[in-house]
Amino acid sequence: MRRGLGSEASLRRRRGPARLWVAVAALVVGTVCLFSSSSVGLLGASYRVQDVDVNKLWRTADSNGWRASSAPRTYWPPPPTESESNGYLRVRCNGGLNQQRSAICNAVVAARIMNATLVLPELDTNSFWHDESGFVGIYDVPHFIKTLKYDVRIVMSIPEITTNGKTKKLKGQQLRPPRDAPVSWYATDALETMKKYGAIYLSPFSHRLAEDIDNPELQRLRCRVNYHALRFKPNIMKTSSEIVNKLRSEGHFMSIHLRFELDMLAFAGCFDIFKPQEQKILWKYREEHFAEKELIPMKIRLKGKCPLTPEEVGFILRAMGFDNRTRIYLASGELFGGKRFMKPFKTMFPRLENHSTVGPGKLEENTQGLAGSAVDYMVCLLSDIFMPTYDGPSNFANNLMGHRMYYGFRTTITPNRKALAPILIDRMEGRHIGFERIRRVMSNTHFGAPHKRVHPESFYTNSWPECFCQTDAKNHADRCPPDNINDVLESQFQSEEEMEEARASNQTDPSSQIEELTI
1 MRRGLGSEAS
11 LRRRRGPARL
21 WVAVAALVVG
31 TVCLFSSSSV
41 GLLGASYRVQ
51 DVDVNKLWRT
61 ADSNGWRASS
71 APRTYWPPPP
81 TESESNGYLR
91 VRCNGGLNQQ
101 RSAICNAVVA
111 ARIMNATLVL
121 PELDTNSFWH
131 DESGFVGIYD
141 VPHFIKTLKY
151 DVRIVMSIPE
161 ITTNGKTKKL
171 KGQQLRPPRD
181 APVSWYATDA
191 LETMKKYGAI
201 YLSPFSHRLA
211 EDIDNPELQR
221 LRCRVNYHAL
231 RFKPNIMKTS
241 SEIVNKLRSE
251 GHFMSIHLRF
261 ELDMLAFAGC
271 FDIFKPQEQK
281 ILWKYREEHF
291 AEKELIPMKI
301 RLKGKCPLTP
311 EEVGFILRAM
321 GFDNRTRIYL
331 ASGELFGGKR
341 FMKPFKTMFP
351 RLENHSTVGP
361 GKLEENTQGL
371 AGSAVDYMVC
381 LLSDIFMPTY
391 DGPSNFANNL
401 MGHRMYYGFR
411 TTITPNRKAL
421 APILIDRMEG
431 RHIGFERIRR
441 VMSNTHFGAP
451 HKRVHPESFY
461 TNSWPECFCQ
471 TDAKNHADRC
481 PPDNINDVLE
491 SQFQSEEEME
501 EARASNQTDP
511 SSQIEELTI
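Quick note on UniProt numbering: the sequence shown kicks off at 1 and runs consecutively.
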């Protein structure tokens, strides 16, 4: 039965008591050669909190021979030429920056599956950020097209076609793909419609291609898009560089994605720690944006489904051994509940920054809307340690964990909220909690090291082993591609281009044929 505003009394009864240089070099990771990568470090799977002091979390250890590699390892033909293409694929990517980022990766893979030409993806910015930056306002378009030239053909828009002397523009037949559609849907339903109409328009396009694809090459294509082709515009990269340089000028720094915001709290249904008036706001938002569902906050909390409060984040970090000298960059929107939730955290960790406070006023122009989220993303990517506080439906946190893993197994502290829940509830209810209980839970964290992907972990959170390789691998599938793979792909690409030109030249103009007959 739906719990509406009338359930506030029961919620109150459940409530507990009230409570660059280095950066510039790192920022060019998007321009690092796609087909070669240096050896990367990691905190190995055997690494545990009690084994070392916290200072070792600031750096990485031996990689055990693994390194990032998303280059093809089997024959990978070039994309179709204009005459060979099955048609045009348009997509509208909805959601926030990182949900759109995943959708862009899926769009490229879908175009490859259908042997289609991809139209530069549309970003539905108005519904989430209320700005109109679009793809060209956030990403480096020439770099995107150039990086993927061996994979898909990309155009800015569907060209006009001329038939019977009349010129018209293909709009594309609109389709609504099933959620997590299998590869077979694109190879049959979508492809048949594309061949019939010449172009298809997939909308909405969020989570519309299954993550688990039994084709390592298509998975590696996802990585090429996500970690190489999708580079932010120069102004965003420059702003991110300035912030990282500023933060790192005083030593190491940690970034935290503090997802204690209205939308996520309303989604999770964790209302029991808020005042009655705040609960009304949360209920109203939930009724307007999410499906009806019975909510029992304590059960939700025990399942680890609630975002960590700022105070809980501080308590976990203190238990692990971080002190009040730790410099922290906060990536978040407007925190719900205001200063009373942040005050305990600031007391424990006073050296807090965000993209508005860390630099001069000139940075502000590049830290709004989608651009602001992009800056936060880059600063978190380049931080020495990253800590997500709610990685369930958070695309920002999930994508970052995968990106940091790909670029050097950078340290990520991922709290197990379900295992921590009983401890944090005891603390919320006033019982004394020692740090040792927290340490025992945190000792099982992977800290960004390579590990087997287990459901419900996303491919975008952990692309190991498909997008990694070993120089001396015993398993053939894990071997690194040859050093000259880029030359091989370029040769195949050029051969295809030459063949297309030859085919075009052999198609003699009808007027010249008539002329030849009259001679």
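Beta carbons: idealized from backbone N, C-alpha and C, even for Gly.
Computed from a prediction, not measured in an experiment: that's the story for all the values here.
Check the Cα spacing between Trp66 and each of Trp76, Glu466, Arg301, Ile485: the tightest is with Glu466. Look at Ser255 here: in three-state DSSP terms it is strand. Around the beta carbon of Gln99, a 10 Å sphere encloses 16 or more other beta carbons of the protein chains shown; the residue is thus reported as buried. No residue range can be given for Cys270, since it is assigned to no beta strand (DSSP E) and is classified by DSSP as neither H nor E. Contact annotation: Ala199 and Leu175 have beta-carbon atoms that are not nearer than 8 Å. Residues Val119, Leu120 of the same chain have their beta carbon placed closer than 8 Å to that of Ser157, with the five preceding and five following residues left out of the count. Phe253 is a Cβ neighbour of Tyr329, given a cutoff of 8 Å.
For Phe396, the enclosing alpha helix (DSSP H) begins and ends at 395-406. Cys223: member of the alpha helix (DSSP H) spanning 216-224, first to last residue.
Thr411 is a Cβ neighbour of Leu57, given a cutoff of 8 Å. Residues Gly314, Arg318, Asn324 of the same chain have their beta carbon placed closer than 7 Å to that of Met348, with the five preceding and five following residues left out of the count.
Across the structure, Glu132 and Pro142 are spaced so that their CA atoms are roughly 20 Å apart.
Here the alpha carbon of Tyr460 sits roughly 45 Å from the alpha carbon of Lys166. With respect to the 8 Å criterion, Arg73 and Pro481 are classified as neighbours on the basis of their beta carbons. Here Arg318 carries a helix assignment [DSSP, helix/strand/coil]. For Tyr201, the uninterrupted beta strand (DSSP E) segment begins and ends at 199-202. For Pro178, the closest C-alpha among the options Thr193, Thr163, Lys169, Leu202 is that of Leu202.
Counting C-beta pairs with one atom in each stretch, the segment 73-82 and the segment 180-195 have fewer than three that are closer than 8 Å, which means they do not touch.
If you ignore the 5 residues before and after Ile438, its C-beta comes within less than 8 Å of the C-beta of Phe315, Ile316, Ala319, Met320, Leu420, Ile423, all in its own chain and listed in chain order. Between Gln470 and the set Ser63, Glu217, Asp214, the nearest pair of CA atoms involves Ser63.
Pairing His403 with Val375 gives a Cβ-Cβ distance that is not under 8 Å. Closest in C-alpha terms to Ser463, from the list Val225, Gly269, Asn94, comes Val225. Residue pairing for Leu330: DSSP places it in a beta bridge opposite Ile256.
Secondary-structure assignment with DSSP links Leu89 through a beta bridge to Leu118, Ile200.
With contact defined as three or more Cβ pairs closer than 8 Å, the segment 304-314 and the segment 256-270 are in contact. DSSP places Leu123 within a strand segment (E or B) once states are collapsed to three. By the Cβ-count criterion, Arg90 is buried, with 16 or more other Cβ atoms from all chains shown falling within 10 Å of its own Cβ. Looking at the backbone, the Cα of Ile236 and that of Pro276 are separated by about 40 Å.
Each residue's CA atom was taken as its position, placing Ile485 and Met378 some 29 Å apart.
A Cβ-Cβ distance of about 5 Å is found for the pair Phe205 and Cys93, placing them in contact under the 8 Å criterion. Taking 8 Å as the cut-off, the beta carbon of Phe290 is found no closer than this to the beta carbon of Leu282. Thr147 is positioned such that its CB atom lies closer than 8 Å to that of Ala229. In this structure, DSSP gives Val54 a helical state, which the three-state scheme calls helix. Taking C-beta separations shorter than 8 Å and ignoring five residues to either side along the sequence, the partners of Gly87 in its chain run Met114, Ala116, Thr117, Met194, Lys195, Tyr197, Gly198, Ala199, Ile200, following chain order.
In the structure shown, the three-state DSSP call for Cys467 is coil. Beta-bridge partners of Val155 (DSSP): Val119.
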